[in-house]
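Residue numbers for the sequence shown follow my numbering, so the first one is 126 and each next one is one higher.
Where is the CB? At the ideal position from N, CA and C, for every residue including glycine.
Here the structure is laid out as structure tokens; the discussion comes afterwards.
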Amino acid sequence: MHGPLVVVGSINTDLVMRASRMPQPGETMMADGFAILPGGKGANQAVAMARLGASVEMIGRVGDDAFGGLARTALAESGVGVAGVQTMPGMSSGVAAILVEHNGENRILVASGANAHVGFDDVPDALLHTASMLVLQLEIPIETVYRLIETATVPVLLNPAPAIPLAVSRLRGVAFLVPNRGELAVLTGMPVTRTDDVVAAARRLVRAGIGCVIVTLGPDGAVLVTQARVAHVDAPIVEAVDTTGAGDGFIGAFAATLARSGDVDNALAVAVRYASLSVTRHGAQASYADATCFFQSTPTS
Ligand code: RIB
Numbered sequence: 126m127h128g129p130l131v132v133v134g135s136i137n138t139d140l141v142m143r144a145s146r147m148p149q150p151g152e153t154m155m156a157d158g159f160a161i162l163p164g165g166k167g168a169n170q171a172v173a174m175a176r177l178g179a180s181v182e183m184i185g186r187v188g189d190d191a192f193g194g195l196a197r198t199a200l201a202e203s204g205v206g207v208a209g210v211q212t213m214p215g216m217s218s219g220v221a222a223i224l225v226e227h228n229g230e231n232r233i234l235v236a237s238g239a240n241a242h243v244g245f246d247d248v249p250d251a252l253l254h255t256a257s258m259l260v261l262q263l264e265i266p267i268e269t270v271y272r273l274i275e276t277a278t279v280p281v282l283l284n285p286a287p288a289i290p291l292a293v294s295r296l297r298g299v300a301f302l303v304p305n306r307g308e309l310a311v312l313t314g315m316p317v318t319r320t321d322d323v324v325a326a327a328r329r330l331v332r333a334g335i336g337c338v339i340v341t342l343g344p345d346g347a348v349l350v351t352q353a354r355v356a357h358v359d360a361p362i363v364e365a366v367d368t369t370g371a372g373d374g375f376i377g378a379f380a381a382t383l384a385r386s387g388d389v390d391n392a393l394a395v396a397v398r399y400a401s402l403s404v405t406r407h408g409a410q411a412s413y414a415d416a417t418c419f420f421q422s423t424p425t426s
């Protein structure tokens, strides 16, 4: 794999409040803290890849407001190529309102803004044939995602988040599909409570033409399912303070490691540890370690 990793996806600014619990309907309560942080599933994944030393190009859109400038700067400062990030005059940038409880659980509401205008033609054709991998999520128009999958000749990784019903027939040929448990349930309509259920649901997607399904299981690690095998990787036990962007960190670390080593099992193991480390810190991009810090903190890699 020689070309850059190419992420086509959302770029948001996260408005984050922390509280001991969520307010009830009609209730006003005081937060413990507030932060404005760079986010967006696409941008988060790109930043995690770059922090781990990968060459990454981001394709997306921001508005011409202050949030767009902040988000673009955050990407560039992390080493992500931003030549493919367009600024749309008169448009708002993507924003996410995020509530985080003390146990690290979050609730996220996204206003798409410019992300809703990311189109197939935003992606230079050459990248669809020279990237080491094309990485997609679902915070941009679904038709853009389907056309990119159908056109790219390089391996495609799709993170089907946030969860929406998809035409699985239009995902045929995706090399890596990386849902969490909830997203897998929405995709397949199958139970996903036990690990056996997860494997059965993932197998159905593999039978439908997806190369490899990797289901992220939070504190239970991740499970990989292909036609030939099933592999489960346990997660280290950590104290979670904020799970925001953990799945994005997983995908970024998986893609960056796979691009470097070409070894899926190694990439999976690194991704599980990288996501586990991210939940011990606040924020999404703010929680992603760089390569030096990560490999020092998880010396078995
Ligand atoms: O996956 C976490 C991300 O989801 C946040 O950064 C937020 O912007 C939303 O896109």
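In chain order, what residues of the same chain lie with their CB nearer than 6 Å to the CB of P280, ignoring the 5 residues before and after it?
M258 and A300
Identify the continuous beta strand (DSSP E) that holds Q421 and give its terminal residues.
Run containing Q421: none in the beta strand (DSSP E); it sits in the alpha helix (DSSP H), A416 to S422.
By the 10 Å Cβ neighbour count, where 16 or more other Cβ atoms means buried, how is M216 classified, buried or exposed?
buried
Helix, strand or coil at R232 according to DSSP, with G and I counted as helix:
strand
Could you give the C-beta distance for A156 and A144, rounded to a whole number, given that I count them as a contact under 8 Å?
5 Å
Around the Cβ of P344, are there at least 16 other Cβ atoms within 10 angstroms (buried) or fewer (exposed)?
exposed
If you check the beta carbons only, do V311 and V331 fall under 8 Å apart?
no
According to DSSP, simplified to helix, strand and coil, what is I274?
helix
Can the beta-carbon of V220 be found closer than 8 Å to that of T313?
no
Closer than 7 Å: N169 CB and nearest the ligand RIB heavy atom
yes
Just grab the DSSP bridge partners of Q352 for me.
BP columns for Q352 are empty, so no partner.
Between which two residues does the alpha helix (DSSP H) containing N391 stretch?
V389 to S403
Consider the C-beta atom of T369 and the heavy atoms of the ligand RIB; say whether any pair is separated by less than 7 Å.
yes
What does the Cβ neighbour count give for S386, buried or exposed, with the cut at 16 atoms within 10 Å?
exposed
Quick one: what's got a C-beta closer than 8 Å to D189's C-beta in the same chain, skipping five residues either side?
T212, M213, P214, G215 and M216
Close beta carbons around R432, own chain, < 6 Å, minus the five adjacent residues each side
Absent from the model: residue 432. The displayed extent of the chain is 126 to 426, so no value can be given.
Anyone know if the C-beta pair for V260 and I376 falls short of 8 Å?
yes
Per-residue burial, E230 [other beta carbons within 10 Å of its own, 16 or more giving buried]
exposed
Which of helix, strand or coil DSSP assigns to V323
helix
Which residue comes first and which comes last in the alpha helix (DSSP H) that contains R385?
A371 to S386
For L234, does the count of other Cβ atoms within 10 angstroms reach 16, so buried, or fall short, so exposed?
exposed
Measuring CB atoms only, is the region 178-197 touching the region 239-251, in the sense that at least three cross pairs come out at less than 8 Å?
yes
Cutting at 6 Å between CB atoms, please list the residues of its own chain near A356, excluding the five before and the five after it.
L349
Which of helix, strand or coil does DSSP assign to M213?
strand
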